[in-house]
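Which chain is which? The protein sequence lines are D and W, in order. Under my numbering, the first residue of the first sequence carries the number 14, and numbering increases by one thereafter. Under my numbering, the first residue of the second sequence carries the number 56, and numbering increases by one thereafter. Backbone N, C-alpha and C fix where the C-beta goes; we use that ideal spot for every residue, glycine too. This one's a predicted model, so the numbers in the text were calculated from it and none came from an experiment. Here the structure is laid out as structure tokens; the discussion comes afterwards.
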Amino acid sequence: MHLRRPATAVAAATICVALGLTACGSDSDDSATGSTPGGKTTLTVSLFGTFGYKEAGLFDKYQADHPEITIKYDSTEQEKNYWTALQTKLASGSGASDVQAIEVGRITDVAQNQGDKWLDLKGTSAGAQVASYPAWKEAAATTKDGAVLGLGTDIGPTGICYRTDLMKAAGLPSDPAELATKLTSWDDYIAMGEQFKSKAPKGAAWTDAAGGLYNVVVSTESKIYYDESGQLIWNTNPAVKHAYDLAAKAGQDGLTAKLGQFTPEWDSGFGKGSFATIACPSWMIGYIKGKAGDAGSGKWNVTTLPGGVGGNWGGAYLSIPKQSKHQKQAADLIKWLTDPEQQATVFNKVGNFPSNKGAFTLVADTKDDYFSGAAIGKVFGDIAASAPTQIHGKDDGTIQNQISTALQSVETNHVAPDKAWATLNDTLKNQLG
Amino acid sequence: MSDVSSAAAAGASPDTASSTASTASGGSGEGPSSQDAPPPASVRVGERRRRTWRQRAFRFEAKAAPYAYVSPFFLIFAAFGLFPLVNTVWISLHEYKLGSEMTWIGLDNFRWLFSNPLFYNALWKTFTIGVLSTVPQLLLALALAHLLNYSMRVRTFFRVSMITPYATSVAAATLVFSELFARDAGFANWILSWFGVGPVDWRNGNWTAQVAIAIIVTWRWTGYNALIYLAGMQSISQDLYEAAAIDGASRWQQFRHVTLPGLRPTILFTIVVSTIGATQLFGEPLLFGNGSADGGAVHQYQTIGLFMYQQGWQYLQLGKAAAVAWVTFLIIVVLVLFNTAIVRWRTRSER
């Protein structure tokens with residue numbers, strides 16, 4: 014009998030702990046977002062890929078100028094993983110950082126469907142910045158009610174980056190200006206690819222992936238998957254079909270290295286010289302430097318898209334979730350990070366092209382030794398000036414992803430392009446309803 | 056019982072309450088001594104009350120304690136097992152994109168699911184990868200266990216080392232195997248090149264990708280199953296082997312006629328467990344495809360787990376994902392029942 018009592022007590026205690034655990038499970042812990050007693054504020058910043066703030070020392074500089082602020086920063090390599098985690102935190106109402114980045118492919122979804130989750134930046138110190146942006150950049154982040162939910166960090170003026178050594182080896186021009194005159198259309202680009210293929214060094218393809226080629230071809234269009242009224246037009250838009258056919262042909266003809274973008278094999282392809290050319294939004298400059306390493310220095314160059322048309326691929330925004338406990342300080346940080354000077358610093362460091370108009374002149378003279386001394390400031394500035402104003406829709410990301418998958422099935426699984434297109438139609442119809 | 060309790064309730068006064076408290080604190084040793092000299096009436100009432108209170112508490116405890124002992128499991132199960140299960144049904148009846156409101160749509164998600172060719176593709180791939188991995192896995196495990204059942208040097212070392220692949224994380228194992236099966240500089244292709252076989256694009260081929268994943272699964276689970284078989288073999292009487300040996304049975308005959316029949320329940324257990332594991336296959340194909348939930352460009356290795364993950368965490372369509380989850384759950388239940396039915400049928404036919 015005397016044994017039983019303590020045992021019951023233990024059992025009861027276990028139950029209490031179990032209940033306590035379940036009850037506490039959803040509580041937010043203050044330590045993650047809280048301020049320390051000394052008046053110091055810890056700002057959490059979550060980004061994906063490379064934004065360049067850390068790399069360019071901007072966080073350190075901000076902390077030095079604002080001793081009361083401590084910045085806790087993290088970055089997720091793959092945007093899709095970042096986005097999923099963020100959505101969970103938004104839905105549960107806790108865990109999001111004070112500053113969160115949003116990719117351009119998501120911004121329409123945010124502006125249309127998540128207006129209640131994000132802070133209207135117009136009412137904050139960062140609001141003054143809105144006027145400094147190209148109208149289309151900020152329009153994408155604006156809700157029906159006129160709230161601005163994100164400030165642009167960069168845009169993605171797109172050219173073609175190429176390996177000068179591989180071009181020379183295949184007997185093709187390696188000077189960007191000469192190359193630009195030879196490439197007057199995408200058909201020229203494919204034709205040059207055939208030339209390259211016949212004389213190329215072993216193991217080198219003309220371009221990295223059919224999906225990458227597709228992305229850059231549609232990046233020159235203003236209407237892609239949605240029209241002005243927000244209707245889905247992706248399967249009736251001739252521009253999409255044209256880009257698809259072109260990329261599928263390149264894939265079928267063996268002009269691609271068949272490397273899925275943003276996979277480890279793709280990454281190592283930059284250094285190994287697995288491909289001679291790659292669609293190159295300005296942010297790719299930093300990516301190439303990171304993956305090709307010092308050995309690639311001086312081997313790369315950049316030229317404009319065929320026909321000199323402007324393309325735009327990517328670009329992101331900085332936003333503050335309403336659940337943030339330090340909205341004012343977060344807004345101050347965003348304001349500072351999106352100032353022209355800081356955007357110019359980031360461009361010089363990692364190549365993310367500024368989206369603040371004030372920064373355009375600051376970067377105009379930038380040259381890059383890694384890219385054979387190319388005047389990347391002028392090249393990407395000119396492309397940005399002629400880039401189209403794109404219409405975005407909430408399912409852009411899903412559609413783009415599935416088109417890439419369809420093109421991959423053409424290049425790696427030898428599916429006929431028409432069949433892959435039909436499958437794509439079924440899949441997207443099934444998924445988007 | 057009822058009159059005692061009412062008397063106890065009636066006799067409640069500050070006096071008796073304090074005496075009860077004092078005797079209770081005095082411990083159970085006071086019980087016998089109080090019977091020698093009859094105590095004052097009020098104390099006797101308290102005494103009776105005390106005993107009955109204890110008896111009732113004891114009875115209550117005897118009845119309730121088992122429930123208290125088992126309750127932690129059931130409470131945790133209710134919170135983390137039952138509630139999610141029921142909530143999943145609820146969500147599956149809604150259109151629910153993460154971050155927006157839930158809308159009731161009845162069985163539309165299930166209609167969508169059963170008319171989706173990708174769902175049937177995922178079911179088929181789950182089945183083929185399941186067969187490709189489970190069958191060799193169990194056969195290898197059986198062979199290994201049989202070998203390890205004989206006396207040999209450093210037997211314990213071999214037995215322990217079999218469990219190491221199982222102890223490895225899925226992520227680590229899969230990343231290593233991804234490298235081994237790489238197209239351009241992979242180890243597997245290097246071996247094949249000795250035999251004049253050209254480089255195989257493992258990841259993009261239909262069957263090659265499935266075989267590669269099945270190899271990862273087999274590598275991880277063979278040792279685990281072998282240990283279970285070994286444990287089963289230990290319970291088979293050594294006398295049977297000796298008798299068989301005296302009768303001139305070879306080792307193979309011993310295996311067939313002694314080991315296998317004795318191991319039947321164990322084998323069925325591992326088949327059930329492996330079937331469930333194969334139905335839920337997720338980590339290996341996800342990581343093998345570099346974290347893409349597509350399971351290859353033509354979904355050549357998209358299992359039902361990946362399909363569900365894609366709906367839920369790539370498209371954020373939690374309603375659809377919940378429908379997939381429930382259908383998967385039902386499939387597993389059916390498979391288990393099917394397995395059990397086979398066992399019953401086998402045992403009955405043997406009698």
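For residue i, the residue or residues it bridges with in DSSP
i	result
N325(D)	P170(D)
E150(W)	T158(W)
I84(D)	L56(D)
A387(D)	D381(D)
V161(D)	T155(D)
I237(D)	I237(D) is not bridged to any residue.
W131(D)	P334(D)
Y175(D)	T290(D), N314(D)
I115(D)	Y330(D)
L245(D)	Y239(D)
Q372(W)	K152(W)
Distance between beta carbons of residue j and residue i, contact taken as under 8 angstroms
i	j	result
D256(W)	R238(W)	5 angstroms
D133(D)	L162(D)	7 angstroms
Q365(W)	K93(D)	No, Q365(W) and K93(D) are not in contact; Cβ-Cβ is about 11 angstroms, not under 8 angstroms.
T379(D)	I389(D)	6 angstroms
L445(D)	L56(D)	The Cβ separation is near 37 angstroms, so there is no contact.
K74(D)	Y86(D)	Their Cβ separation, rounded to whole angstroms, is 13 angstroms, which puts K74(D) and Y86(D) out of contact at 8 angstroms.
G267(D)	G406(D)	The Cβ separation is near 34 angstroms, so there is no contact.
I359(W)	V379(W)	7 angstroms
G284(D)	A308(D)	6 angstroms
A69(D)	K362(D)	4 angstroms
D111(D)	H339(D)	5 angstroms
Under 9 angstroms by beta carbon: chain W residues contacting residue i
i	result
N126(D)	K152, G154, S155
T63(D)	Here the premise fails: no neighbours, minimum Cβ distance about 18 angstroms.
T89(D)	Under the 9 angstroms cutoff, chain W gives no residues; its nearest Cβ is about 11 angstroms from T89(D).
With 16 other Cβ atoms within 10 Å as the buried cut-off, status of residue i
i	result
N142(W)	exposed
S41(D)	Only weak support exists for where S41(D) lies, its pLDDT of 38 falling under 50; the value from the coordinates is given anyway. S41(D) is exposed by the Cβ-count criterion.
L71(D)	buried
V428(D)	buried
T121(W)	Position check: residue 121(W) holds Pro in this sequence, whereas Thr was assumed. Exposed.
L318(D)	buried
L179(D)	buried
G84(W)	Residue placement at G84(W) cannot be trusted, given a pLDDT of 42 that sits under 50; the coordinates are not used to answer.
R176(D)	buried
S337(D)	buried
L140(W)	exposed
K53(D)	exposed
L361(W)	buried
R258(W)	buried
Q355(W)	buried
Y205(W)	exposed
Chain-ordered neighbours of residue i on chain D, where CB pairs are closer than 7 angstroms
i	result
Y370(W)	T411, Q444
N259(W)	T425, N426
D256(W)	T425
Interface residues of chain W facing residue i [CB-CB closer than 8 angstroms]
i	result
D439(D)	P172
L245(D)	Near L245(D) there are no residues of chain W at all, since even the closest Cβ is about 15 angstroms away, more than 8 angstroms.
T101(D)	L153
A104(D)	L153, G154
T166(D)	Under the 8 angstroms cutoff, chain W gives no residues; its nearest Cβ is about 22 angstroms from T166(D).
Contact set between residue i and chain D, taken where Cβ atoms lie within less than 8 angstroms
i	result
A237(W)	E278
Neighbouring residues, chain W, relative to residue i (Cβ below 7 angstroms)
i	result
T418(D)	D349, A352
K93(D)	Q369
S422(D)	A352, V353
G273(D)	N345
Are three or more beta carbon pairs between the segment 216-225 of chain W and the segment 303-319 of chain W nearer than 8 angstroms?
Two segments are said to touch when three or more pairs of C-beta atoms, one from each, lie closer than 8 angstroms; by this definition the segment 216-225 of chain W does not touch the segment 303-319 of chain W.
Contact the segment 170-186 of chain D vs the segment 133-145 of chain D: 3+ CB pairs below 8 angstroms:
The segment 170-186 of chain D, when compared against the segment 133-145 of chain D, does not touch it at the 8 angstroms Cβ threshold.
Do the segment 392-401 of chain D and the segment 366-376 of chain D meet, that is, are 3 or more Cβ pairs less than 8 angstroms apart?
Enough Cβ pairs lie closer than 8 angstroms, so yes.
Count the CB pairs spanning the segment 280-288 of chain W and the segment 193-211 of chain W that are closer than 8 angstroms, and state whether there are at least three.
Between the segment 280-288 of chain W and the segment 193-211 of chain W, the count of C-beta pairs closer than 8 angstroms reaches three or more; the two stretches touch.
With contact counted as at least three CB pairs below 8 angstroms, one residue from each stretch, are the segment 186-204 of chain D and the segment 259-273 of chain D in contact?
Yes, the segment 186-204 of chain D is in contact with the segment 259-273 of chain D.
Going along the segment 342-363 of chain W in order, which residues come within less than 7 angstroms of chain B, judged by CB to CB distance?
Considering every chain present, this structure includes no chain B. Its protein chains are D and W.
If you pair each beta-carbon of the segment 158-177 of chain W with each one of the segment 119-126 of chain D, do three or more pairs fall below 8 angstroms?
No: fewer than three Cβ pairs fall under 8 angstroms.
Could you say if the segment 185-198 of chain D and the segment 244-255 of chain D meet the contact criterion of at least three C-beta pairs nearer than 8 angstroms?
Contact fails: fewer than three Cβ-Cβ distances are below 8 angstroms.
Is the segment 153-160 of chain W touching the segment 291-298 of chain W, taking contact as three or more C-beta pairs under 8 angstroms?
Touching, no.
Quick check: the segment 280-299 of chain D against the segment 146-156 of chain D, are at least 3 beta-carbon pairs closer than 8 angstroms?
The segment 146-156 of chain D is not in contact with the segment 280-299 of chain D.
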